[in-house]
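The sequence shown begins at 44 in the working numbering and counts up one residue at a time.
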Amino acid sequence: MGLPARGNKVAEKMKNANALENRRLISPTIFKYVLSEMFFSFLICFFFFFFIFFVNQILLMAKEVLTKRVPFEQVALLILFSLPTVIAMSAPFACLVGTLMTVGRLTSDNEILVMLSSGLSYKNIFFPAITVGIVISLLSFFTNDVLLPAGTVQFNRLWRKILVSTPSLELEANSVKRFQDTVIVTGGVTDNVIENLLILDRTDDGERRIIMANSAELKDGGREGLSLNLEDAFIHSSKEFARDDYDYALTGLLQYWVSNEDIIQAVVSISPREMSSRDVRSAIIEKRSDLNQRLNERKVRLASQAFTLENTLRAGQQSDYWNRRLSNSSNFHRDITAINAIAKDRSLTIHVIEIYRKFSVPLGAFCFVFLAVSLGLMAKKSGQTVGFIFGNIIAVLYWSMLFIGQTMGLRIGTPPFWSMWLPNIFFLTIGVILAVIKVRK
């Protein structure tokens, strides 16, 4: 009589063991199904974000260029060379929203419930999501680190060609334009007439000039650059180190030129964001070397000032140098202030922030995975709609944290690593915690 009972227990244990084994396994069919659904949702969301960034950054520029009668073929090429920027910005957020939409739909349609009832685990959801996150992160990094610099080089080359043929592109209404040694401040612009024009420049002799005019006519000088015909102009010029020695003049008509070389140098400079990570790293090494050299020179000077001040104070009032103690003390504190100012190298900080940004933003697609899956598993109804809404909210929050971190890094000296990586760490931590809680339930 005891054998059948014992046999039932053995069968039950084998059944439980099989169920446990099933929970440990990943179904290839379900993996492919979930993976295809996530990639499909990613593509939809990618085109959504692509369209938003495309309109905001590219079409506005194209409209401005087209109004200056630049050939349409060149405008189309400018847009093409600018696409890597849009792609690099769109991919991580599309991964977040696409994953949320997919998991939300599977949850609201009870497909995940059926999967769990069949003895399969949450691995069949997390593994496809992690795969998508890794693939999108790698593609985003490739776009940001390879395609973006290459597109920038071609963009600058074409933009240089357009500026040579149409230099009037550079002057707009109510704007400040900085060229090599010239700053031009414009008021309202009607056709080619600029109102309330102000020019600050430096002559070949090193004199500073201020030129003001009620109106100026802008003419395209072709290969020569920009020609400004100023009416009723006022000119003030002064020496660099003798501001009391100055000249001024009034003239009814003055022709002022801005060369194409100055225009091109001002426009086509490449920022750290448009460099590859290797180029940014090389620039950081060079800037740090230059910074250390300048700091060492200042520290040697500071040590000399400190030695002179110490000797003056030790000599006492009987010394002939006693009357110079205030001057020496002032020079000493001035050098300390200069060292602190030099140490806060803004250009170096921008490059260091950018090198962290080049890795943190593409890897944001992977960091979003655990949060997106965990939130998607909580959906009850209309999983796709809810996922789309929450995904966009998280995207805006992430971008805001990234912008705030960059601002804090530049203005108050927040460590660049935390400025750029804190949003990823924050969302990854929340996602892992929610995933652990969900799986344990």
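The beta carbon of each residue, even a glycine, is placed where N, CA and C say it ideally should be.
Quiz item: What is the rounded straight-line gap between the Cα of T195 and the Cα of S125?
Solution: Indexing the sequence shown from 1 puts residue 195 at position 152. Indexing the sequence shown from 1 puts residue 125 at position 82. Cα-Cα distance, rounded: 7 Å.
Quiz item: Can you name, in chain order, every residue of its own chain whose Cβ lies under 8 Å from the Cβ of I327, other than the five neighbours on each side?
Solution: Taking the first residue of the sequence shown as 1, we reach residue 327 at position 284. Once the five neighbours on either side are set aside, the close Cβ partners of I327 are L391, H394, V395 and I398.
Quiz item: Helix, strand or coil: which one does DSSP assign to V113?
Solution: Sequence index remark: in the sequence shown, residue 113 carries index 70 (1-based). Three-state DSSP puts V113 in coil, outside helix and strand.
Quiz item: Looking at the structure shown, is A259 part of a helix, part of a strand, or coil, going by DSSP?
Solution: In the sequence shown, the residue the question calls residue 259 occupies position 216. Note: A259 maps to strand in three-state DSSP.
Self-check item: Option in V301, N272 and A384 with minimal Cα separation from V226
Solution: Within the sequence shown, residue 226 is the residue found at index 183, counting from 1. The candidate whose alpha carbon is nearest that of V226 is V301.
Quiz item: How many Å lie between S270 and F93 at the Cα?
Solution: For the purposes of this step, residue 270 is identified with residue 227 of the sequence shown, where counting begins at 1. For the purposes of this step, residue 93 is identified with residue 50 of the sequence shown, where counting begins at 1. Straight-line Cα distance between these residues: approximately 39 Å.
Quiz item: Which value, in whole angstroms, describes the spacing of the CA atoms of I455 and A384?
Solution: Along the sequence shown, one-based indexing puts residue 455 at 412. Along the sequence shown, one-based indexing puts residue 384 at 341. C-alpha separation (whole angstroms): 13 Å.
Practice problem: Specify, as a first and last residue, the run of the beta strand (DSSP E) that R221 falls within. | Solution: Taking the first residue of the sequence shown as position 1, residue 221 is located at position 178. Counting along the chain, R221 sits inside the beta strand (DSSP E) bounded by residues V219 to R221.
Practice problem: Using the Cα positions of L471 and L123, report the straight-line distance between them to the nearest angstrom. | Solution: Taking the first residue of the sequence shown as position 1, residue 471 is located at position 428. Taking the first residue of the sequence shown as position 1, residue 123 is located at position 80. So the alpha carbons of these two residues sit roughly 34 Å apart.
Exercise. Answer with buried or exposed for S373, where buried requires no fewer than 16 other C-beta atoms within 10 angstroms of its C-beta.
Key: The residue you call residue 373 lines up with position 330 of the sequence shown. S373 should be labelled exposed.
Quiz item: Taking the alpha-carbon positions, what's the V343 to F350 distance?
Solution: Taking the first residue of the sequence shown as 1, we reach residue 343 at position 300. Taking the first residue of the sequence shown as 1, we reach residue 350 at position 307. Cα-Cα distance, rounded: 11 Å.
Quiz item: For the segment 141-192, which segments carrying the beta strand (DSSP E) assignment without a break, of at least 3 residues, lie completely within its bounds, in sequence order?
Solution: none
Exercise. Have a look at A119 and V98 and give me their C-alpha separation to the nearest angstrom.
Key: Here residue 119 is taken as the residue at index 76 of the sequence shown, counted from 1. Here residue 98 is taken as the residue at index 55 of the sequence shown, counted from 1. So the alpha carbons of these two residues sit roughly 14 Å apart.
Quiz item: If you draw a straight line from the C-alpha of I205 to the C-alpha of T128, how long is it?
Solution: Sequence index remark: in the sequence shown, residue 205 carries index 162 (1-based). Sequence index remark: in the sequence shown, residue 128 carries index 85 (1-based). Going from the Cα of I205 to the Cα of T128 covers about 21 Å.
Quiz item: So, using beta-carbon positions, are S15 and E238 closer together than 8 Å?
Solution: Any question about residue 15 goes unanswered here, given that the chain covers just 44 to 484.
Practice problem: List the whole-angstrom C-beta distance separating A438 from T142, where the pair is believed to meet the contact cut-off of C-beta under 8 Å. | Solution: Along the sequence shown, one-based indexing puts residue 438 at 395. Along the sequence shown, one-based indexing puts residue 142 at 99. That pair is no contact at about 12 Å.
Quiz item: Mapping DSSP to helix, strand and coil, what is N65?
Solution: To locate residue 65, count along the sequence shown from 1; it is residue 22. Caution is warranted here: a pLDDT of 47 is assigned to N65, below 50, making its placement in the model unreliable, and no coordinate value can be reported.
Self-check item: Contacts around I130, its chain only, beta-carbon distance under 6 Å, and the 5 residues preceding and following it disregarded
Solution: The residue you call residue 130 lines up with position 87 of the sequence shown. Once the five neighbours on either side are set aside, the close Cβ partners of I130 are T186.
Quiz item: Under three-state DSSP, which class holds A408?
Solution: As a position in the sequence shown, residue 408 is number 365, starting the count at 1. The answer is helix: DSSP assigns A408 an H, G or I state.
Practice problem: Flag this pair as yes or no: are the beta carbons of G474 and F413 separated by less than 8 Å? | Solution: Here residue 474 refers to the residue found at position 431 of the sequence shown. Here residue 413 refers to the residue found at position 370 of the sequence shown. Contact flag set, yes.
Self-check item: Selection from H279, N272, I313 and S70 that minimises the alpha carbon distance to G295
Solution: If you number the sequence shown from 1, residue 295 lands on position 252. Of the listed residues, the one whose Cα sits closest to G295 is N272.
Self-check item: Residues that DSSP places opposite I253 in a beta bridge
Solution: Your numbering for residue 253 matches position 210 in the sequence shown. Bridge partners of I253: L243 and H279.
Quiz item: When the Cα of E317 is compared with those of L191, E80, V146 and I242, which residue comes out closest?
Solution: Position 274 of the sequence shown holds residue 317. Checked all of L191, E80, V146 and I242; the closest Cα to E317 is L191.
Practice problem: Assign D244 to buried or exposed, taking buried as 16 or more other Cβ atoms, counted over all protein chains shown, within 10 Å of its Cβ. | Solution: The residue you call residue 244 lines up with position 201 of the sequence shown. So D244 counts as buried.
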